[in-house]
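First up is the structure itself, then whatever we jot down about it.
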């Protein structure tokens, strides 16, 4: 028989004090500041902003410090904080064609107008540990400069559009569904799927995208364009009667070009997958565009091969790492009563089994 | 006494509000250290909230919700009745209040002085930052060249 008891308060309080001490680590080592995390662990900050679905580098850096570098815990903290804030409205859709690009590459067109700009990339590094970084106070190499391309850099897929070789998206200004306001309903519109994927767990989206490359819902993706940079965010202010820029955000955008053989109504042409994520987060943006394209099989009249990446419910219901970790980790919390009933049941079954087998009792 | 009201071009106002919103809070405070003795009435206390940022499907299609950003807003009124307004990125209430005050004063005869002392330095520093970033990115542009092939000899 189980009797409800109290008595965890002191243990919990002491556990949290121990957590605080462990978070600080060796006090002989200088404490990490939030600004240091924001500036020097920027890709971790970006991931927390993308999956926390809140663009604020200082808050993301604070969350990483508090979570001791556990990024999913940091995402959880950001999501929780976000729920305490009022929402003032929705921005106008950002214009990624006007992005101030710090990186912009195409795997399909070598001579794209605007050129291939590598930017601050890990690509072409040798992936050898650099022990010079272990020594502090070293001199930084000074980056070279060159005259920037004047004017906006056009999207590379727009060149394919001219020949009608690639599908075009229908522009619109309808209010998109918002999964933070209404529970997700399936089947989901593409706008809702993109919202769920852009805030989804990077590891989960990466694995799904990889599975499509290995043949589970293959879509033959090329990276038509990958760009990283800042865009202005504009908000309509009702009191003023016009839109003003309220700031700017760094984004990573990926457009894939995929094969499509055509249908009864459409000539053979290329189709597109789309990824757009907060911060410099290119692995996530590429993965997002592959998963977006795989989920479009029905709309494009493709075969359902039963691949996980084609299964909208499977993808959308398991992409959120805060939901996932909440359900997963709750099973470590006290389940004494549940387990007690299971124990009783097994004992009863065993007793019944023993009673029906008198020879075993002899 | 406070300044009189000057007619304001909405496009001009849109631009300065953008400059104020994107300014770093510390820098705006540096350029405007002492509050001018306007004694404004705060119509809406600085308030921290979010704005849902939208993207477009495939960069040119219908909108979708990308995620939120933090924004602080503030509205105030000068003694002369001119209303100043601010929506600024981030969570600095001081930033929002200062931006709203500059917005209000820019609609008065103090506009020229504020443009010279606050807005132009902010806009110039922002342009310099952007240019420096663009120049460093441009230096990473790939210059393809074709190797001489056998048949070209």
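Residue numbers (our numbering), protein chains in the order written: chain A, 3 to 364; chain B, 40 to 192. A virtual CB, placed ideally from N, CA and C, is assigned to each residue, including glycine.
query	result
Three-pair Cβ contact test at 8 Å for the region 54 to 74 of chain A versus the region 205 to 221 of chain A	no
Chain-order list of residues whose beta-carbon lies under 6 Å from that of residue 136 (chain B) (same chain, five-residue window excluded)	85 and 113
Under 7 Å between C-beta atoms of residue 12 (chain A) and residue 101 (chain A)	no
Any chain A beta carbon closer than 7 Å to residue 120 (chain B)	no
Element boundaries [alpha helix (DSSP H), containing residue 221 (chain B)]	Outside the displayed range of chain B (40 to 192) lies residue 221 (chain B), so it cannot be described from this structure.
Any C-beta of chain A under 7 Å from that of residue 175 (chain B)	yes
Alpha-carbon spacing of residue 49 (chain A) relative to residue 202 (chain A), whole angstroms	10 Å
In chain order, each alpha helix (DSSP H) run of at least 4 residues that lies wholly inside the region 139 to 223 of chain A	159 to 164, 192 to 200 and 204 to 215
Chain B within 7 Å of residue 137 (chain A), Cβ atoms only	no
Opening and closing residue of the alpha helix (DSSP H) in which residue 126 (chain B) lies	Not the alpha helix (DSSP H): residue 126 (chain B) falls in the beta strand (DSSP E), residues 122 to 128.
Partner residues on chain A for residue 179 (chain B), Cβ-Cβ distance less than 7 Å	119, 120 and 121
Cα-Cα separation, residue 105 (chain A) to residue 167 (chain B)	19 Å
C-beta atoms of residue 193 (chain B) and residue 150 (chain A) nearer than 7 Å	This structure leaves residue 193 (chain B) out entirely; chain B is present only between 40 and 192.
Exposed unless 16 or more other CB atoms sit within 10 angstroms - verdict on residue 322 (chain A)	buried
Residue 329 (chain A) versus residue 116 (chain B): straight-line alpha-carbon distance, rounded	50 Å
Proximity test, Cβ basis, 7 Å: residue 85 (chain B) and chain A	no
DSSP state of residue 142 (chain B) mapped onto helix, strand, coil	helix
Rounded separation between residue 50 (chain B) and residue 293 (chain A) - CA only	41 Å
Chain B within 7 Å of residue 226 (chain A), Cβ atoms only	no
Any C-beta of chain B under 7 Å from that of residue 244 (chain A)	yes
C-beta contact flag for residue 110 (chain A) and residue 226 (chain A) at 7 Å	yes
Short Cβ contact (7 Å threshold) for residue 60 (chain B) with residue 250 (chain A)	no
Any C-beta of chain A under 7 Å from that of residue 108 (chain B)	yes
Inter-residue CB distance, residue 258 (chain A) and residue 283 (chain A) (contact presumed, cutoff 8 Å)	Actually they are not in contact, since the Cβ atoms of residue 258 (chain A) and residue 283 (chain A) sit about 16 Å apart, beyond 8 Å.
Best match in A:315, A:354 and A:164 for proximity to residue 271 (chain A) [C-alpha to C-alpha]	A:164
Rounded straight-line distance, which links the Cα of residue 252 (chain A) to that of residue 176 (chain B)	15 Å
Chain-ordered residues of the region 296 to 307 of chain A with a beta carbon less than 9 Å from chain B	none
Closer than 7 Å to chain B by CB, residue 157 (chain A)	yes
Chain A contact residues for residue 147 (chain B), given Cβ-Cβ distances below 7 Å	None at all; the shortest Cβ gap to chain A is about 17 Å.
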